[in-house]
Amino acid sequence: MAKLFVVEDSHSQAALLRHLLADAGHEVLLYSHGREALEAMAENPELILSDLQMPVMDGLELCAALKGHPVFQAIPFVLVTVNGRLDAVVDGLNAGADGYLIKPYNHAVLLETVDALLRKARTDARAFAPGGHDRYRESRGNLYPLAPRKRGGVRETGHGGSAFMVRGGTRAMTGSAATVMLGDQEFRLNAAPEKIFEFFTIANDSITRLGYDPSELIGRHFSELLCQKEAADAANRAKSEFLSSMSHELRTPLNAIMGFGQLLDKPGNPLDKEQREILQHMMDSGEHLLRLIDDVLDLSRIETGHDVLDIKSTDPTPLLETCLLLMEKPAKTRQVRLIDTIGRNLPCLLIDGTRFKQVLLNLLTNAVKYNRQGGTVTLRYERHGEQNLRIFVDDTGIGISPDKLPELFQPFNRLGMATSNIDGTGIGLVITQRILKKMGGDIGVHSEHGAGSTFWADFIVDLSRQPARHSAAPAPVFSVAQEDLPAPPRLIHALYVEDNRGNALLMRNILNRIGNVDLYVTRTAEEGIAYARIHRPDVILMDIRLPGMDGVEATRCLKALPETVGIPVVAVTAEAMIHDAERAKSVGFCAYLTKPFSVAALSRTLVEAVG
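Residue numbers for the sequence shown follow the working numbering, so the first one is 989 and each next one is one higher.
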C-alpha cells in the first residue's frame, strides 16, 4: 500500500483514478490543481499522478516545481492526459516526469506503471538497473531505442521503417540535453539520456508484463501521433492565417466607418438631435460587428490553445464596478433595472482581470438583452466552501425551455433566437465557459421558460490576501458625444506611415480635431525611415501591413539607427491576433492601437508617447 496524490480537475477522471488505485490497495488523496497538491506535500506522498492541463497550476508546472526541490525530486511523477502529441511527451520529459499515460489508458498498464515506479523508488534504483551507469558510460553517444524488448537490452526498434531513438550528447551524465529522433524528426530534450531511457523503460516493462510487443505498440503509436501532430499543426496554421487575414480585411473598412463617424458631430457645427441619434445607431452597429470579429478570434485562440491567461491574485470589485458602469446605457435603453447586492464585499480572486470582466459582461449583456421591458437584472454572490465563490446573475426575462438547455454552450447556436430582433452571435457563452474552465471555475444555469434565468460563475478565492478598496473608471467606448480630448502640451511633429489613403485622411482629420499636431504621411516604410532620419519627428504612427518592408521590420530598423532610436513608435493597425501584438512589442513599439480605435484612445496615447 502507498499514499498517492491524484491531481485532476475533472471530477469524473479523478473518481475513476481513485477507484482503480484504491482497489489496488493504495491510499489516494485528490487535488483539483497543481497548487493545491504543492501546498499539501507535507502529507508525504509516495507517487503523484497529475493531469497535464489544469487551472491555476498545470501538470508541467507542478512537475517542474517538485523535481526542482531537493526534498521532493525523488517522488515518482506520472502525467496522465488526453494530450497524446509527441511534443507534449517531450515537455513532460523536460519537466522531469517519470511516466506518461494517455487517456483513455489501459487500466492494467496504469496499475503496472504505478507499481513499477513505486518499486524503483523504494529500492532507490533511480538509474537503469544494477550496472546501468557503467553500461551507459561505455555506450555514450550511441543510439538507444524507445522500448527495448527486455531490461538492459539495446537495439533499434521501429515500425514501417520509422525508428524512434534517443541520442545522448557528449556530456550525457551531467544532465545536458539529448535529442529524441522519430524518423528524420528531432526533438530537443533538456534531460540526461539515462533519464530518458528510464522514462521509456517503465513503459516497456508495464506493456511487456501484459503480453504486448512494446516495439510494435509504442513505435506504431508514436508514428501515428507524429502524423496527427503534423496534420493538426498544418490545420492550425491555416486557420490562424485565415482568421488573421479576415480580421484585417474587416477592420480596415470598419476603421473608416467608425473613425469618420466619430468626427461628424463637430464642436463648431453640432448635429441636431435626430442626426445624432441616427449616427449613434450607425456607431452601435459598427461596435456590434467589431464584437463579432473579436468573439470569433477569441474562440479560435481558446480552441487552439493560444489564449494565454495572466492568472493572479486580484481585487475584483473595481472590475465589477466597471462592468456595471458599462451596462448602464444598454440597460436604460431597454428599460431594465440593474440591482447590485454585492457592493464592495468580494474577496481577492485568482483570475485574469481582463477575462473576468469579459465573463461578467457576457452574462450581464445576455441578462439585459433577453429581459422584458421594465424587468430587473440582479447581481449577487455566495461562498461555496472556503476557497470557492459563486457570482449569480438573475434576470426576469424570457427564460429558456428545458429542451433547449443542452444546446446552450454550442458555438453559434442561439436557441432559435437567430430570427429575432435581438442581436447576438451565439459565441459569448461558449467563450465564457472556456475562460472560466481555464481559470479553475465553472458556469451553470437554472432557467424556466417565461420566468427568467439565473446564470452563475464560479471563481477561486485567494485566501492569502485581502483586497485594497478603490474606485474604478469605465473603459472607453465608441461614442458620438462630445469629449474633452487631451491634446499634447506643445505643438508636436508626427509621422504617419500608412498606405491606405482613406486611413491617412481619417488620421489627419482626427489629429486636426485633437489639435497641437503637425502631421506628415508616407505610404511606405522605406520612405518613412528616410523621412524620420532627416526630420526627427516627435512621434511615429506606424501601420503594420505595408507594401515592401512591413511596420515591424521598419520599427526594428528605426530602433537600430542612432538618429531615430529615441523616437516613440505607436502601432496603428488592423492586425488584431495576439501573436501580432507580441511580435510588435518585441521590437520596441511603445503602444499598440488596433483599428478601429476611439478618438479618445488615440489622443491619450499621443500624450503619453510624447511625455
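Positions of the beta carbon are idealized from the N, C-alpha and C atoms, including for glycine. Given the structure is predicted, the values throughout are model-derived calculations rather than measurements.
In angstroms, rounded to a whole number, what distance separates the CA positions of residue i and residue j?
i, j, result
"residue 1253", "residue 1503", "16 Å"
"residue 1601", "residue 1569", "Here the chain covers residues 989 to 1599 and nothing more, so residue 1601 does not appear."
"residue 1314", "residue 1326", "11 Å"
"residue 1002", "residue 1427", "19 Å"
"residue 1597", "residue 1366", "41 Å"
"residue 1527", "residue 1480", "8 Å"
"residue 1623", "residue 1110", "What the structure shows of the chain is the stretch from 989 to 1599, and residue 1623 is not part of that stretch, so it cannot be assessed."
"residue 1116", "residue 1101", "With a pLDDT of only 38 at residue 1116, under the threshold of 50, the placement of this residue in the model should not be trusted; the figure read from the coordinates follows. Using only the alpha carbons, I get a separation of about 15 Å."
"residue 1047", "residue 1542", "41 Å"
"residue 1384", "residue 1363", "6 Å"
"residue 1090", "residue 1000", "16 Å"
"residue 1579", "residue 1593", "7 Å"
"residue 1437", "residue 1387", "4 Å"
"residue 1522", "residue 1507", "15 Å"
"residue 1263", "residue 1496", "24 Å"
"residue 1154", "residue 1087", "The predicted position of residue 1154 is uncertain, since its pLDDT is 38 and thus under 50; a value taken from the coordinates is nonetheless stated next. If you take the alpha carbons of residue 1154 and residue 1087, they lie about 16 Å apart."
"residue 1037", "residue 1282", "38 Å"
"residue 1552", "residue 1349", "42 Å"
"residue 1623", "residue 1298", "The shown model of the chain, from 989 to 1599, leaves out residue 1623, and the question about it has no answer."
"residue 1544", "residue 1576", "7 Å"
"residue 1261", "residue 1318", "19 Å"
"residue 1300", "residue 1446", "16 Å"
"residue 1022", "residue 1554", "44 Å"
"residue 1476", "residue 1505", "8 Å"
"residue 1451", "residue 1371", "13 Å"
"residue 1063", "residue 995", "14 Å"
"residue 1498", "residue 1589", "11 Å"
"residue 1356", "residue 1248", "30 Å"
"residue 1423", "residue 1482", "40 Å"
"residue 1546", "residue 1560", "16 Å"
"residue 1011", "residue 1306", "49 Å"
"residue 1106", "residue 1049", "22 Å"
"residue 1491", "residue 1524", "23 Å"
"residue 1312", "residue 1095", "50 Å"
"residue 1416", "residue 1256", "41 Å"
"residue 1501", "residue 1352", "35 Å"
Using the rule of at least 16 other Cβ atoms within 10 Å of the residue's Cβ for burial, across every protein chain shown, is residue i buried or exposed?
i, result
"residue 1354", "buried"
"residue 1246", "buried"
"residue 1141", "The pLDDT assigned to residue 1141 is 29, lower than 50, so where the model puts this residue is not dependable, and the model offers no usable value."
"residue 1108", "buried"
"residue 1549", "exposed"
"residue 1032", "exposed"
"residue 1374", "exposed"
"residue 1266", "exposed"
"residue 1454", "exposed"
"residue 1562", "buried"
"residue 990", "buried"
"residue 1258", "exposed"
"residue 934", "With the chain covering only 989 through 1599, there is no way to say anything about residue 934."
"residue 1574", "exposed"
"residue 1439", "exposed"
How many whole angstroms separate the CB atoms of residue i and residue j, which I take to be in contact at a CB cut-off of 8 Å?
i, j, result
"residue 1322", "residue 1346", "Not a contact, Cβ separation roughly 21 Å."
"residue 1368", "residue 1330", "6 Å"
"residue 1512", "residue 1493", "So it is not a contact: roughly 17 Å between Cβ atoms."
"residue 1337", "residue 1304", "5 Å"
"residue 1433", "residue 1441", "6 Å"
"residue 1042", "residue 997", "5 Å"
"residue 1324", "residue 1359", "5 Å"
"residue 1040", "residue 1098", "Not confirmed; about 15 Å, so no contact."
"residue 1085", "residue 1066", "7 Å"
"residue 1035", "residue 1005", "Not quite, the Cβ-Cβ distance comes to about 12 Å (not below 8 Å), so this is no contact."
"residue 1587", "residue 1250", "5 Å"
"residue 1238", "residue 1274", "Going by Cβ atoms, the distance from residue 1238 to residue 1274 rounds to 11 Å, so no, they are not a contact pair."
"residue 1537", "residue 1558", "So it is not a contact: roughly 18 Å between Cβ atoms."
"residue 1517", "residue 1572", "The Cβ separation is near 17 Å, so there is no contact."
"residue 1335", "residue 1396", "Contact doesn't hold; Cβ gap of about 29 Å is too wide."
Is there a Cβ from chain C that is less than 9 Å from the Cβ of residue i?
i, result
"residue 1338", "The structure shown contains no chain C, having only a single protein chain."
Sequence ranges, beta strand (DSSP E) only - wholly within the region 1038-1087, length at least 3: List check, beta strand (DSSP E) in window: 1065-1069.
Inter-stretch contact (C-beta, 8 Å, three-pair minimum) for the region 1059-1068 and the region 1485-1492: In short, these stretches do not touch, since the Cβ pair count stays below three.
Validate contact between the region 1042-1054 and the region 1014-1033 using beta carbons, cut 8 Å, 3 pairs: A contact between stretches requires three or more CB pairs, one per stretch, nearer than 8 Å, and the region 1042-1054 meets this requirement with the region 1014-1033.
Any 3 or more C-beta pairs closer than 8 Å across the region 1572-1585 and the region 1510-1524: Three or more Cβ pairs closer than 8 Å define a contact, and the region 1572-1585 falls short of that threshold against the region 1510-1524.
Every unbroken alpha helix (DSSP H) inside the region 1477-1564 [4 residues or more]: With a minimum length of 4 residues, the unbroken runs of alpha helix (DSSP H) contained wholly in the region 1477-1564 fall at 1489-1502, 1513-1523, 1539-1548.
Completely contained alpha helix (DSSP H) runs for the region 1328-1392, where each covers 4 or more residues: The region 1328-1392 contains these whole alpha helix (DSSP H) runs: 1341-1357.
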